[in-house]
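The structure appears right after this line, and notes come after that.
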Amino acid sequence: LMQLRSGHIALNTHLHRVGGSATNKCQACRGPRRAQAVETVPHFLFKCPKYKTEHRDMDSALGRSDRSLRQIMRSKERTKAMLRFIGRTGRLKKALG
């Protein structure tokens, strides 16, 4: 949870900063009709189109208007919903096990 809050997590923004990735861009958001987004924690949790289904499930559990990491982490149940989202994406599986 601290890695999510600090941004020091295995997403390309952090990996690029520490030399673990050639780019800070989201690899899922590239293509001729998309501007490639920087892969930050908020992008991963709330915006990346690759995880549209998982976002919908998390929005259902949290309420679509609750897209603030700070607000989510104030509640044990909301934090659990966010962690389920992360697990379902598989994006951090290599880094977090």
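When you line the sequence shown up against our numbering, it's residues 846 to 942, in that order. Here a beta-carbon is modelled for each residue, glycine too, at the ideal position from N, C-alpha and C.
Assign M847 to one of two classes, buried (16 or more other C-beta atoms within 10 Å of its C-beta) or exposed (fewer than that).
-> Taking the first residue of the sequence shown as position 1, residue 847 is located at position 2. It is exposed - the Cβ of M847 has fewer than 16 other Cβ atoms within 10 Å.
From L890, G852, T868 and R901, residue whose alpha carbon lies closest to that of S913 = For the purposes of this step, residue 913 is taken as the residue at position 68 of the sequence shown. Per the Cα distances, L890.
For V863, does the three-state DSSP call read helix, strand or coil?
-> Here the question's residue 863 lines up with position 18 in the sequence shown. It is coil, neither helix nor strand.
Of the choices D911, T924, N869 and V886, whose alpha-carbon is the least far from that of N857?
-> Position 12 of the sequence shown, counting from 1, holds the residue named residue 857. Nearest of D911, T924, N869 and V886 to N857, Cα basis: N869.
Might you give, ordered along the chain, the residues of its own chain that have their beta carbon closer than 7 Å to the beta carbon of H853, omitting 5 neighbours on each side?
-> Your numbering for residue 853 matches position 8 in the sequence shown. Cβ neighbours of H853 beyond the five flanking positions: H859.
Straight-line Cα distance separating H861 from K925 | Locating residue 925 in the sequence shown gives position 80, where the first residue counts as 1. Locating residue 861 in the sequence shown gives position 16, where the first residue counts as 1. One C-alpha to the other measures close to 28 Å.
Cβ of V886 within 8 Å of Cβ of L849?
-> Locating residue 886 in the sequence shown gives position 41, counting from the first residue. Locating residue 849 in the sequence shown gives position 4, counting from the first residue. In contact: V886 and L849 (Cβ atoms closer than 8 Å).
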